[in-house]
Amino acid sequence: MEDDMDFKTIPVSQCPYKDNCVKISASNQGISFVIRGCESQVYRPSTKSQDIPCTSNSSPSVCRCPDTLCNNSMQYFYNSILLFLAIIFNTQR
Numbered sequence: 006m007e008d009d010m011d012f013k014t015i016p017v018s019q020c021p022y023k024d025n026c027v028k029i030s031a032s033n034q035g036i037s038f039v040i041r042g043c044e045s046q047v048y049r050p051s052t053k054s055q056d057i058p059c060t061s062n063s064s065p066s067v068c069r070c071p072d073t074l075c076n077n078s079m080q081y082f083y084n085s086i087l088l089f090l091a092i093i094f095n096t097q098r
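The sequence shown stops at residue 98 when you use this note's numbering, and every number in between is there.
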């Protein structure tokens, strides 16, 4: 299956101390593209990072975070599960 893809999956990397994880997502005409990596490797050296952690109201959206592996999709999966469980337990009272 991986041979059919235009872009390969790259291994997980740990960002250096005081570097942020970055996720940049863009969608246009039904095509989505995601870039994940360390801020120091994704941005040009002359680019200043924004102080806001996430901008996802439009495309492209940019999220940056200081925690380990915080720019992966599993974080949203776990948050969704917790929200679902909270709703279920709240309605059973």
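Note that beta-carbon positions come from the ideal geometry of N, C-alpha and C, so glycine has one too.
| query | result |
| --- | --- |
| Nearest-angstrom Cα separation, counted from Pro65 out to Ala31 | 4 Å |
| Beta-carbon proximity of Pro16 to Cys43, cut-off 8 Å | no |
| Reduced DSSP secondary structure (H/G/I, E/B, other) of Val39 | strand |
| Cβ neighbours of Ser29 in the same chain (closer than 6 Å, five flanking residues each side left out) | As written in the sequence, residue 29 is Ile, which differs from the Ser given in the question. If we look at Ile29 and ignore the five residues flanking it on each side, its Cβ neighbours are Ile40, Pro65 and Val67. |
| Pairwise C-alpha distance: Gln19 and Cys26 | 9 Å |
| The beta strand (DSSP E) enclosing Ser30, as first and last residue numbers | Cys26 to Asn33 |
| Start-to-end residues for the beta strand (DSSP E) that takes in Ser66 | Ser66 to Cys70 |
| Contact under 8 Å by Cβ, Ser45 with Asp24 | yes |
| Three-state class that DSSP yields for Ser18 in the structure shown | coil |
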